[in-house]
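Structure first, then comments.
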Amino acid sequence: ISHQQLLAMPARTQITRHDCVEGWSAIGKWHGPMLGTILKAADVRNTARYIVFTCADLYSGHNYYESIDLVDAFHPQTILAWAMNDAMLSVGHGAPIRLRVERQLGYKNAKYVMQIDAVASLAGIGKGKGGYWEDAIDYDWYAGI
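Residue numbers (this note's numbering): 3 to 147.
Right, here's the structure in full:
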């Protein structure tokens, strides 16, 4: 799906709190299509259990990556945001596309999303724990709030 197609999709607006693992939080108004709508249109295989996001930012020479399960992927508040606080996303906030998975801590909200894959296992993703911070410093894969 192209960036222009994503912008043309039906979208929702939600005002939610972003909770960081470091202890701070902030409230923002986010706008973008529900991830579940995109996944339904993509006709995800029955064997898929996780959605993996590959991002444009580099850490230690590798693209940032994160994953969520299908329950969170299809939650109505999980969106691919392209606007924040009534303006297009800035680079600092993850432009052009940022994942918003409101039921989890901030590190699960991947910025600069450039690829989305549906996979049956996380074994082949990074070191197999499902995300950059999970692999690098043993953060929990499920970061529910």
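Ideal Cβ positions, reconstructed from N, Cα and C, are used throughout, including at glycine.
Close Cβ partners of residue i (< 7 Å) along its chain, the five nearest in sequence each way excluded
i	result
residue 27	19, 20, 21
residue 91	83, 84, 85, 97, 98, 100
Given residue i as reference, the closest of the options once Cα atoms are compared
i	options	result
residue 44	118, 89, 95	118
residue 75	57, 105, 64, 91	105
residue 59	122, 78, 67	67
Neighbourhood of residue i by C-beta, 6 Å cutoff - its chain only, sequence neighbours within 5 removed
i	result
residue 34	13, 81, 82, 83, 84
residue 136	143
Nonlocal neighbours in the same chain, by C-beta distance under 8 Å from residue i, ignoring five residues either side
i	result
residue 29	17, 18, 19, 20
Boundaries of the beta strand (DSSP E) in which residue i is found, first to last residue
i	result
residue 16	14–21
residue 59	52–61
residue 32	27–34
residue 81	81–83
Limits of the alpha helix (DSSP H) - the one that residue i falls within
i	result
residue 73	72–75
residue 1	It is not possible to answer for residue 1, since the shown part of the chain is limited to 3 through 147.
residue 37	37–44
residue 138	134–139
Buried versus exposed call for residue i [16 or more other C-beta atoms within 10 Å across all chains shown]
i	result
residue 128	buried
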